[in-house]
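Report on the following structure.
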Amino acid sequence: MFRFIVTILLPLVGCCHAASLHRFHGGDCPRIEPMANFNIDRFLGEWFVLESANDNGQVCLREEFNASQETVVLMPKHDGDLIDLARNELEPTGPPKYETEDAMKIMQKVYHVKRSYLPFGGRQIICETGKISFLSNTSQSEMEISLPYAETGMLNIKHYEVVATDYDRFALVWRCQKTIFGHRRSAQLMSRRSELDEKSQQELRSLMQHFESQHDIKFTPVRQTNCNEVPALEVQESTSSTPMTRRPTSVVDPTPVQTQDIKSESPKPKNKKKLINIEIGSFQLSISYPFF
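Numbers -18 to -1, 1 to 274, taken from mature numbering (1 follows the signal peptide of the UniProt record, and there is no 0), label the letters of the sequence shown in order.
Put into structure tokens, the structure is as follows:
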């Protein structure tokens, strides 16, 4: 039996805020040229978001990147690539997709990001931590970030691309979320400090203006004052992102794994309800899915 819930909120004079609504675009995420020779390890640490485009009117927006060594179970594929079993569900029926006796446990360097922000009208800073996967074996500047809330409460950030950075002062980031209706795009100007010197802003202004004209976005300042005085709420890390195929960045002490161990470690599929907010003219639609 299908269930379809639509909530229409009429705007009230003096009670609506245009920045609190997401803009959706049709089709797939546009292709953005990523930064060449990007080094994720130099990018680690805390970043303050000073300007943001098409976000939710958030303030005190910060991102902290870090890395750790973790044990993962990898399964070799026919083309030589390895699939992370902790993020992949085996086929429920039919022949096995992979040869389980070839699985191995390895120590692998895993990257995380902690994203904190104060939502528009909120009283607590939301802190959510998610894992990072690289969308390419040849470039670390194109990432997928799996967050438990992901701002809109619906999908992970499938495209997180570092367009430019000097690692010590500034970074310009392009972000895109795929939805069932198209995609939502945004961008961020970040700094290692809560403010950026005028020279660095001028260096990036032409690139930011190009983004605004080519991709229908508009940068607005993000307040970074009095953030430490607001209480924080930690959100549990997400583990339900789409499986990514990649080669390990480092391997230590490979150990064969028995078939029964693989089955016990495979996560069970979860049927979580999602919520999409869509702006149509002066209306905002909130749609709950899956519909069954």
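C-beta atoms are modelled at their ideal positions from N, C-alpha and C, and glycine is treated no differently.
| query | result |
| --- | --- |
| Grab the span of the beta strand (DSSP E) containing S128 for me, first residue to last. | 124 to 128 |
| Could you tell me whether the region 175 to 182 touches the region 45 to 56, where touching means 3 or more Cβ pairs closer than 8 angstroms? | no |
| Using DSSP bridges, identify the partner residues of P203. | E33 |
| Determine, using beta-carbon pairs with one atom in the region 111 to 131 and one in the region 92 to 100, whether at least three such pairs fall under 8 angstroms. | yes |
| Run through the DSSP bridge pairs and tell me what S173 is partnered with. | F30, F152 |
| Quick check on DSSP: helix, strand or coil for S195? | helix |
| Among the candidates Q206, Q159, Q106, whose CA atom is the shortest distance from the CA of V217? | Q106 |
| What is the rounded straight-line gap between the Cα of R205 and the Cα of N19? | 31 angstroms |
| Can you give the Cα-Cα distance for I22 and L129, rounded to whole angstroms? | 19 angstroms |
| Could you give the first and the last residue of the continuous alpha helix (DSSP H) run that contains F25? | 22 to 25 |
| Output needed for L26: all residues of its chain with C-beta closer than 7 angstroms, excluding positions within five of it in sequence on either side, in chain order. | F47, N48, A49 |
| Spatial neighbours of Q170 within its chain, please: C-beta separation below 6 angstroms, excluding the five flanking residues on both sides. | V31, S34, V155 |
| Taking 7 angstroms as the limit between beta carbons, can you name the residues of its chain near M176, skipping five residues before and five after? | The amino acid at residue 176 is misidentified as Met; the sequence shows Ser. Counting only Cβ-Cβ distances below 7 angstroms, and skipping sequence neighbours, we find F30, Q206. |
| When DSSP builds the beta bridges, which residues end up paired with C158? | H141, R167 |
| So the beta strand (DSSP E) A18 belongs to, where does it begin and stop? | It is not in any beta strand (DSSP E) - A18 carries neither H nor E in the DSSP assignment. |
| Have a look at G39 and S168 and give me their C-alpha separation to the nearest angstrom. | 12 angstroms |
| Grab me the residues of residue 333's own chain with a C-beta within less than 6 angstroms of its C-beta, minus the 5 sequence neighbours each way, in chain order. | Because the chain spans -18 through 274 in this model, residue 333 falls outside it and cannot be assessed. |
| Which same chain residues end up closer than 8 angstroms to residue 278 when comparing Cβ atoms and leaving out the 5 residues on each side of it in sequence? | Outside the shown range of the chain, which is -18 to 274, sits residue 278, and nothing can be said about it. |
| Excluding the five sequence neighbours on either side, which residues of its own chain have a C-beta within less than 8 angstroms of the C-beta of K200, listed in chain order? | A35, N36, E194 |
| Could you compute how far the alpha carbon of R44 sits from the alpha carbon of S188? | 24 angstroms |
| With a Cβ-Cβ cutoff of 8 angstroms, do I144 and M17 count as a contact? | Here the sequence assigns Val to residue 144, which means Ile is not the residue at that position. In this structure, M17 lies closer than 8 angstroms to V144 by Cβ. |
| Determine, using beta carbons only, whether A146 and M172 come nearer to each other than 8 angstroms. | no |
| Starting from V217, trace the beta strand (DSSP E) both ways and give me its first and last residue. | 214 to 217 |
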